[in-house]
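A.B. asks:
Number of protein chains: 10
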Amino acid sequence: MEFLVRSENRLPPDTPDERRAELKAAERARAIQLRERGILKRLWRVPGRNATVGLYEADDPAQLHEALMSLPLSPWLDVTVEALATHPQESGA
Amino acid sequence: MEFLVRSENRLPPDTPDERRAELKAAERARAIQLRERGILKRLWRVPGRNATVGLYEADDPAQLHEALMSLPLSPWLDVTVEALATHPQESGA
Amino acid sequence: MEFLVRSENRLPPDTPDERRAELKAAERARAIQLRERGILKRLWRVPGRNATVGLYEADDPAQLHEALMSLPLSPWLDVTVEALATHPQESGA
Amino acid sequence: MEFLVRSENRLPPDTPDERRAELKAAERARAIQLRERGILKRLWRVPGRNATVGLYEADDPAQLHEALMSLPLSPWLDVTVEALATHPQESGA
Amino acid sequence: MEFLVRSENRLPPDTPDERRAELKAAERARAIQLRERGILKRLWRVPGRNATVGLYEADDPAQLHEALMSLPLSPWLDVTVEALATHPQESGA
Amino acid sequence: MEFLVRSENRLPPDTPDERRAELKAAERARAIQLRERGILKRLWRVPGRNATVGLYEADDPAQLHEALMSLPLSPWLDVTVEALATHPQESGA
Amino acid sequence: MEFLVRSENRLPPDTPDERRAELKAAERARAIQLRERGILKRLWRVPGRNATVGLYEADDPAQLHEALMSLPLSPWLDVTVEALATHPQESGA
Amino acid sequence: MEFLVRSENRLPPDTPDERRAELKAAERARAIQLRERGILKRLWRVPGRNATVGLYEADDPAQLHEALMSLPLSPWLDVTVEALATHPQESGA
Amino acid sequence: MEFLVRSENRLPPDTPDERRAELKAAERARAIQLRERGILKRLWRVPGRNATVGLYEADDPAQLHEALMSLPLSPWLDVTVEALATHPQESGA
Amino acid sequence: MEFLVRSENRLPPDTPDERRAELKAAERARAIQLRERGILKRLWRVPGRNATVGLYEADDPAQLHEALMSLPLSPWLDVTVEALATHPQESGA
Chain A
1 MEFLVRSENR
11 LPPDTPDERR
21 AELKAAERAR
31 AIQLRERGIL
41 KRLWRVPGRN
51 ATVGLYEADD
61 PAQLHEALMS
71 LPLSPWLDVT
81 VEALATHPQE
91 SGA
Chain B
101 MEFLVRSENR
111 LPPDTPDERR
121 AELKAAERAR
131 AIQLRERGIL
141 KRLWRVPGRN
151 ATVGLYEADD
161 PAQLHEALMS
171 LPLSPWLDVT
181 VEALATHPQE
191 SGA
Chain C
201 MEFLVRSENR
211 LPPDTPDERR
221 AELKAAERAR
231 AIQLRERGIL
241 KRLWRVPGRN
251 ATVGLYEADD
261 PAQLHEALMS
271 LPLSPWLDVT
281 VEALATHPQE
291 SGA
Chain D
301 MEFLVRSENR
311 LPPDTPDERR
321 AELKAAERAR
331 AIQLRERGIL
341 KRLWRVPGRN
351 ATVGLYEADD
361 PAQLHEALMS
371 LPLSPWLDVT
381 VEALATHPQE
391 SGA
Chain E
401 MEFLVRSENR
411 LPPDTPDERR
421 AELKAAERAR
431 AIQLRERGIL
441 KRLWRVPGRN
451 ATVGLYEADD
461 PAQLHEALMS
471 LPLSPWLDVT
481 VEALATHPQE
491 SGA
Chain F
501 MEFLVRSENR
511 LPPDTPDERR
521 AELKAAERAR
531 AIQLRERGIL
541 KRLWRVPGRN
551 ATVGLYEADD
561 PAQLHEALMS
571 LPLSPWLDVT
581 VEALATHPQE
591 SGA
Chain G
601 MEFLVRSENR
611 LPPDTPDERR
621 AELKAAERAR
631 AIQLRERGIL
641 KRLWRVPGRN
651 ATVGLYEADD
661 PAQLHEALMS
671 LPLSPWLDVT
681 VEALATHPQE
691 SGA
Chain H
701 MEFLVRSENR
711 LPPDTPDERR
721 AELKAAERAR
731 AIQLRERGIL
741 KRLWRVPGRN
751 ATVGLYEADD
761 PAQLHEALMS
771 LPLSPWLDVT
781 VEALATHPQE
791 SGA
Chain I
801 MEFLVRSENR
811 LPPDTPDERR
821 AELKAAERAR
831 AIQLRERGIL
841 KRLWRVPGRN
851 ATVGLYEADD
861 PAQLHEALMS
871 LPLSPWLDVT
881 VEALATHPQE
891 SGA
Chain J
901 MEFLVRSENR
911 LPPDTPDERR
921 AELKAAERAR
931 AIQLRERGIL
941 KRLWRVPGRN
951 ATVGLYEADD
961 PAQLHEALMS
971 LPLSPWLDVT
981 VEALATHPQE
991 SGA
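Protein chains in written order, with the numbering used here: chain A, 1 to 93; chain B, 101 to 193; chain C, 201 to 293; chain D, 301 to 393; chain E, 401 to 493; chain F, 501 to 593; chain G, 601 to 693; chain H, 701 to 793; chain I, 801 to 893; chain J, 901 to 993.
(1) What do you get for Pro812/I, buried or exposed, if any count of 16 or more other CB atoms within 10 angstroms of its CB means buried?
(2) Does Ser507/F get closer than 9 Å to chain I when you measure Cβ to Cβ?
(3) Using the Cα positions of Glu736/H and Gly154/B, report the straight-line distance between them to the nearest angstrom.
(4) Measure the alpha-carbon distance for Glu57/A versus Gln133/B and round it to whole angstroms.
(5) Taking the alpha-carbon positions, what's the Pro475/E to Glu622/G distance?
(6) Return the CA-CA distance between Asn850/I and Asp578/F, expressed in angstroms with no decimal places.
(7) What whole-angstrom Cβ distance do Glu227/C and Leu273/C have, given they're in contact under 8 Å?
(8) Can you tell me which residues form a DSSP beta bridge with Glu402/E?
(9) Identify, in the order they occur along the chain, each residue of the same chain with its Cβ nearer than 7 Å to the Cβ of Pro270/C, setting aside the five sequence neighbours on each side.
(10) Indicate whether Trp244/C and Ala67/A have their beta-carbon atoms separated by less than 9 Å.
(11) Please report the distance separating the alpha-carbon of Pro788/H from that of Arg942/J.
(12) State the DSSP-derived secondary structure class of Leu211/C, mapped to helix, strand or coil.
(13) Assign Ser591/F to buried or exposed, taking buried as 16 or more other Cβ atoms, counted over all protein chains shown, within 10 Å of its Cβ.
(14) List the residues of chain J whose Cβ lies closer than 7 Å to the Cβ of Gln789/H, in chain order.
(15) Could you name the residues of chain E that Leu668/G contacts, counting a contact when the two beta carbons are closer than 8 Å?
(16) Measure how close the beta-carbons of Pro247/C and Ala83/A come, nearest whole angstrom, since I'm counting them as under 8 Å.
(17) Using CA coordinates, which residue listed in Pro361/D, Arg320/D, Asp360/D and Met301/D is at the minimum distance from Asn309/D?
(18) DSSP beta-bridge partners for Trp744/H?
(19) Let me check one thing: in DSSP terms, what residues is Leu177/B bridge-paired to?
(20) Going straight from the alpha carbon of Thr52/A to that of Leu4/A, what length do you get?
(21) For the stretch 709-720 of chain H, which residues have a beta carbon sitting closer than 7 Å to at least one beta carbon of chain C?
(22) By how many angstroms is the C-alpha of Arg106/B removed from the C-alpha of Pro361/D?
(23) Please list the partners that Leu764/H has in chain G, where partner means a Cβ-to-Cβ separation under 9 Å.
(24) Can you give me the Cβ contacts of Ile639/G inside the same chain, cut-off strictly under 7 Å, excluding the 5 residues immediately before and after it?
(25) Got a sec: which bits of the stretch 574-585 of chain F sit with their beta carbon under 9 Å from any beta carbon on chain G, in order along the chain?
(26) Would you give the residue range spanned by the alpha helix (DSSP H) that Leu934/J belongs to?
(27) Please report how far the alpha carbon of Asp514/F lies from the alpha carbon of Gln663/G, in whole angstroms.
(28) Is Ser491/E helix, strand or coil by DSSP?
(29) Run down chain D in chain order and give the residues with a C-beta less than 8 Å from the C-beta of Pro61/A.
(30) Give me the Cα-Cα distance between Thr680/G and Thr180/B, rounded to the nearest whole angstrom.
(31) Between Phe703/H and chain G, is any beta-carbon pair separated by less than 9 Å?
(32) Please state whether DSSP places Leu371/D in a helix, a strand or coil.
(33) Closer than 7 Å by C-beta to His465/E: which residues in its own chain qualify, once you throw out the five before and the five after it? Chain order, please.
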């Protein structure tokens, strides 16, 4: 099942550059793994914000939760999740 | 997977009593079916309101959607759904 | 560019069934055209609601506006649009 | 009587791991006690968030308040409580 | 246990005066009964609005719900209920 | 005239226990004085929160303001005040 | 004591012109009386809206309520009242 | 001085086409006059909605109010106005 | 033109008393100057809060902005401004 | 395409003056570059706030995002972006 995931990054602006770069690299590496496992399907930037909208696919909310919590930035992310149902139009129904 | 479902009944106050009784009886019958199928697990009243909070279980959001739309009052219900993940504490994990 | 489009259907519950079916069929036909033109890319149901979330692609907000207003149900839709930017991760950047 | 309890954990992200683990273990121990006393009946995770939804049963709001304040994490929890009334459908009424 | 009950009266402005007077008299009679039974303890007007704040006492949310739904104006009232816990200061604790 | 006063206590969770106890005792002492002067009439806890709802009586908003600002915790309280009018039902009118 | 009163006029757009003019004239006449009695002190238009902000002075919220309810348009007004305290700066304190 | 004006058109969806066309033509004619007088400077559509954002210039809020109320659709428009101050950067200050 | 100005003081509760007194005195001195220049016309306290509502008069939003930013507490004030239009009733129109 | 960009500056009030001046100068320099590139078209101050509303033009949300993130103050800015469509009235259509 698919989920729309909105994520605001609340990492404090005064985080040292090195720490920030480190976290960003780790985040990116983990995101690539989630893509490879088919959990992260699309990712957009919310223009002007340090925020993203993502389309995720997971077996259930528990698996999604685990995936999101495995992101190195997760302690600073303010995340909201919306479970969606594929529209019958999609399958030509 | 479980869902918390909040439902506000917007049936107009000037609905004729007969129509109202008819809808209520049909709603109740359908709710009993959903209970028997294990989809509707708990139902509460929001005190003071013509509204309910329900705990539902469904295979996915699409099945939940179908179940909710099968309720005779659904055209008048303002429904919000929240997908929940069982907490590891529940399983003694 | 891509847009996330949230759409609540406010068609009154007392709309005659025939009119409702007619509008639904016309809506579906138009949606298929928008898919074929590559404007409507994905469509989800918001479980429990007469509402959808869609992923659209258009040259600009004006083209998107035209596409959305061409939907037969548009007079009854309460639509909110969010312009998104593809995340650099998507392109492997 | 039953209460729906939503709880956001505001423990600062920079809390040392040891302190965090200690608090989490104590929280878990206390939650088990509340389960054994029949006060905490169900607990869910809000996917993507450091937050829970719980179903509690208590004699009255004062007893519920005491139970919630006895949780070791309570100084960092942002809690909202909703008193619910069992729906007559539940009892077959 | 005590509840704070906020109630907005949505009776349409074009309700005939006679119907309005009838409902108001019935509402008042029922409110007096609720006072006599000790359920309605205090009632305030929200200045400038056709709205009230009330302090109610009931055994549980279900009894409160029944009391509120017994008000003749209840089909037009938009009610929100907040369960309160007596503060230990009250009892000199 | 009466006021409904909602008060959220924002004292930081990491306030030393001694300081917290000191402030709580002073708050309690001042609250008793306000009760004796007839300004504080009722006080409730909002279950699950470090928050209260109070019923106050004062000559005017200025006197109420002074009373609320005299509370030792006032620098950390987020207070909202609602002026209420006694309902004619109260006086048997 | 003074009150800031925000008032949105919800008179339906399809109200016949004659009825509208009649109500407007009556509203104006009553407002003049409230000015003469010193209850209505200032009145502003919220630009672009059929809405006003007013500064009222009354003995208490009950008197204010009566004054506001005496306005011929009151059944269609959505009013919010805020009780204010004169700032000590005003009196040179 | 400049104002940002957001305007939602609440004309009912079941307005007859002829009436709608008539109002739209009159609205357009009046908007052209406001442009010629330098009051309406820019106008945008909010994509997906029957709504606009406009940049207006007027001597004061009263003149702006008059201009907005002169629009034939004004009885159905839900308008919010924000007064803006030119930023010193604009003038090279 | 007149503006309604709502101002919440976010000066941290742990600001040293001396610094607080200093800022308050400077704020008061500046406010008196704004009164003398006819910019600050009325000032109220929001009961229970470290907040004010003020009625200001300025040539335009830019002059108002300058006046508000000249207040010594301005770095800690969360200010919202509403431009108002004198109601025709005021001038006997 | 054009975007309306609202930006709240959350730079902490206790930022040293020198650092603040430095950031402000760099912000101004970058803003001038964005003007010269035609990306920043208009900029307004929100009166009373450390906030701006800007009218931007960019090829797409990604280019806008880059431009906004290039502002030296961007780590402290809380930005919301609204994509707008030129109204047909603008082109005389």
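Each residue gets a CB set at the ideal place from its N, CA and C atoms; glycine is no exception.
C.D. replies: If we stick to the structure as given:
(1) exposed
(2) yes
(3) 58 Å
(4) 30 Å
(5) 31 Å
(6) 9 Å
(7) 5 Å
(8) Secondary-structure assignment with DSSP links Glu402/E through a beta bridge to Glu457/E and Leu484/E.
(9) Just to set this straight, residue 270/C is Ser in the shown sequence, not Pro. Take Ser270/C, set aside five residues on each side of it, and the residues of its chain with a beta-carbon closer than 7 Å to its own are Arg230, in chain order.
(10) no
(11) 11 Å
(12) coil
(13) exposed
(14) Those within 7 Å of Gln789/H in chain J are Arg928, Ala931 and Leu943.
(15) Pro447 and Gly448
(16) Confirmed, Cβ separation roughly 6 Å.
(17) Arg320/D
(18) Val753/H and Thr986/J
(19) For Leu177/B, which the question treats as bridged, DSSP gives the partners Asn109/B.
(20) CA-to-CA, the gap between Thr52/A and Leu4/A works out to about 10 Å.
(21) If the cut-off is 7 Å between Cβ atoms, the stretch 709-720 of chain H has Pro713 near chain C.
(22) If I take the Cα positions, the gap works out to 22 Å.
(23) Pro647 and Gly648
(24) Tyr656, Glu657, Ala658 and Ala667
(25) Val581, Glu582, Ala583, Leu584 and Ala585
(26) Where Leu934/J is concerned, the enclosing alpha helix (DSSP H) stretches over Asp917 to Glu936.
(27) 46 Å
(28) helix
(29) Arg345 and Pro347
(30) 28 Å
(31) yes
(32) Leu371/D falls in the coil class under three-state DSSP.
(33) Taking C-beta separations shorter than 7 Å and ignoring five residues to either side along the sequence, His465/E has no partners in its chain.
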